[in-house]
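In the working numbering, the protein residues as written are 9 to 314.
We treat Cβ as the ideally placed atom computed from N, Cα and C, and that holds for glycine.
What you are looking at is a predicted structure, and each value in this text was computed from that prediction instead of being measured.
Taking it in order: structure first as structure tokens, then the write-up.
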Amino acid sequence: MKGHFLARFLMALLVLAVFGAYSYYRAAYTPYSDELEAARRASESPIVIAAAPAPEAAPSAPAAEPVSLTPPASETTPEPTPEPTVDPDSPAGRAAALGLPAPPEIDVTSWEYTLVNGDHSIGQYAPEQLAYLHQTAEADDIQTSYNANRCPVDARIAQPLLDFALGCREAGLPVYLSSGYRSYNDQAANFRRICENNGISDGKINGYYVTMPAGCSEHQLALCCDITDKYYATKRDDKVASPTIAWLQEHCAEYGFIHRFPDGKQEITGVMNESWHFRYVGVEAATYIMENHLVLEEFLALYGVE
Numbered sequence: 009m010k011g012h013f014l015a016r017f018l019m020a021l022l023v024l025a026v027f028g029a030y031s032y033y034r035a036a037y038t039p040y041s042d043e044l045e046a047a048r049r050a051s052e053s054p055i056v057i058a059a060a061p062a063p064e065a066a067p068s069a070p071a072a073e074p075v076s077l078t079p080p081a082s083e084t085t086p087e088p089t090p091e092p093t094v095d096p097d098s099p100a101g102r103a104a105a106l107g108l109p110a111p112p113e114i115d116v117t118s119w120e121y122t123l124v125n126g127d128h129s130i131g132q133y134a135p136e137q138l139a140y141l142h143q144t145a146e147a148d149d150i151q152t153s154y155n156a157n158r159c160p161v162d163a164r165i166a167q168p169l170l171d172f173a174l175g176c177r178e179a180g181l182p183v184y185l186s187s188g189y190r191s192y193n194d195q196a197a198n199f200r201r202i203c204e205n206n207g208i209s210d211g212k213i214n215g216y217y218v219t220m221p222a223g224c225s226e227h228q229l230a231l232c233c234d235i236t237d238k239y240y241a242t243k244r245d246d247k248v249a250s251p252t253i254a255w256l257q258e259h260c261a262e263y264g265f266i267h268r269f270p271d272g273k274q275e276i277t278g279v280m281n282e283s284w285h286f287r288y289v290g291v292e293a294a295t296y297i298m299e300n301h302l303v304l305e306e307f308l309a310l311y312g313v314e
């Protein structure tokens, strides 16, 4: 039994000796080649992967506008420029208070705006220069020498009045300049005559003047004219009404005249309706007055004339 154990032990020692000798031999007599050494070292180095070359860039497109995610601020509406304040005591302010457009800028003290009525007398005023027109406007001349057969007016309105009358004739209508300038004495005589014929003493019928006292008549001012289609010994609206009168009222402002005493304005003018009575104030004022259905008193009140 002991003999078997010893034999196996010796066999094991022999195997170990042989294996050790073999291992020594391989280590001592099997050299590494350069390639194997390089491979060994390479295997021990970190692996580096080279980046592939970038492809050639394509032409770039224009840069897009940046998109803002913030909502645009709302545009601020500019404040309207305030209208200039109108002085309530100015002509424009007084007109605005009545719902009227601004009146023309005029010198209200100029001669053509002189106010004459029952409350505004001009005393014994007489115009500096008279002119005389053919009563039926059959002649286009203007005379400055006295002529009893012609219609006298202030020389400053002679040409506009003649143009007015000729315009009526050119429209195919007859025209008659029946009454222009009357002196203070002539008006005094006319006042007495009409008062006597109508049984009145103050020149009024039903509270309105049918004739004006001397000093209070536009005829004495010489800036007006009674215009009809023919001569009338006594002028009354029911007799004088005619196509001529209608044309004159429609076109008077074009020549600087106004229909001075229209129906419906008696409370303001104090005068009965006289469809034939036309007063010169100049084209600008006449246009404003007629377009806004005013009378001279209302127009001048815009400028503070009372």
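Next on the checklist: According to DSSP, simplified to helix, strand and coil, what is N125?
Outcome noted: Translated into the one-based positions of the sequence shown, residue 125 becomes position 117. Residue state, collapsed to three classes: strand.
Item to check | Range covered by the alpha helix (DSSP H) that runs through R287 | outcome: The residue you call residue 287 lines up with position 279 of the sequence shown. Going by DSSP, R287 is part of no alpha helix (DSSP H) but of the beta strand (DSSP E) stretching over E282 to Y288.
Checklist entry - Cα-Cα, which of S129, A110, E113 and I165 is closest to E136? => result On the sequence shown, residue 136 is found 128 positions in, with the first residue counted as 1. Of the candidates S129, A110, E113 and I165, the one whose C-alpha sits nearest the C-alpha of E136 is I165.
Next on the checklist: Suppose contacts are defined by Cβ-Cβ distances below 8 Å. Is L169 in contact with V161 by that definition?
Outcome noted: As a first step, residue 169 is located in the sequence shown; it is residue number 161 there, counting from the start. As a first step, residue 161 is located in the sequence shown; it is residue number 153 there, counting from the start. Cβ distance < 8 Å, so L169 and V161 count as in contact.
Checklist entry - Are S186 and T236 touching if we call contact CB-CB under 8 Å? => result Position 178 of the sequence shown, counted from the first residue, corresponds to residue 186. Position 228 of the sequence shown, counted from the first residue, corresponds to residue 236. Result yes, Cβ atoms of S186 and T236 sit closer than 8 Å.
Next on the checklist: By the DSSP assignment, the alpha helix (DSSP H) with T252 in it spans what residues?
Outcome noted: The sequence position of residue 252 within the sequence shown is 244, counting from 1. Where T252 is concerned, the enclosing alpha helix (DSSP H) stretches over P251 to H259.
Next on the checklist: Give the list of continuous alpha helix (DSSP H) stretches no shorter than 4 residues that lie fully inside the segment 105 to 192.
Outcome noted: Assignment of alpha helix (DSSP H) within the segment 105 to 192, counting only whole runs of 4 or more residues, yields 166 to 178 in chain order.
Next on the checklist: Quick check on this structure: which residue in G312, D97 and L256 has the alpha carbon closest to the alpha carbon of V183?
Outcome noted: Position 175 of the sequence shown, counting from 1, holds the residue named residue 183. Here the closest residue by C-alpha is L256.
Next on the checklist: For D234, report the span of its beta strand (DSSP E) as first-last.
Outcome noted: Numbered from its first residue, the sequence shown carries residue 234 at position 226. Looking at the DSSP string, the run of the beta strand (DSSP E) that includes D234 is C232 to T236.
Item to check | Proximal residues to K238 (C-beta, below 8 Å), its chain only, five neighbours per side dropped | outcome: Indexing the sequence shown from 1 puts residue 238 at position 230. Taken in chain order, the residues that qualify are P182 and Y184.
Checklist entry - With which residues is F265 paired in a DSSP beta bridge? => result Counted from its first residue, the sequence shown places residue 265 at position 257. F265 pairs with Y288.
Next on the checklist: Bridge partners for I213 per DSSP, in chain order?
Outcome noted: Here residue 213 refers to the residue found at position 205 of the sequence shown. Bridge partners of I213: Y216.
Checklist entry - Would Y5 pass as a contact of V289 if the rule is Cβ separation under 8 Å? => result The structure shown does not extend to residue 5, since the chain spans only 9 to 314, so no value can be given for it.
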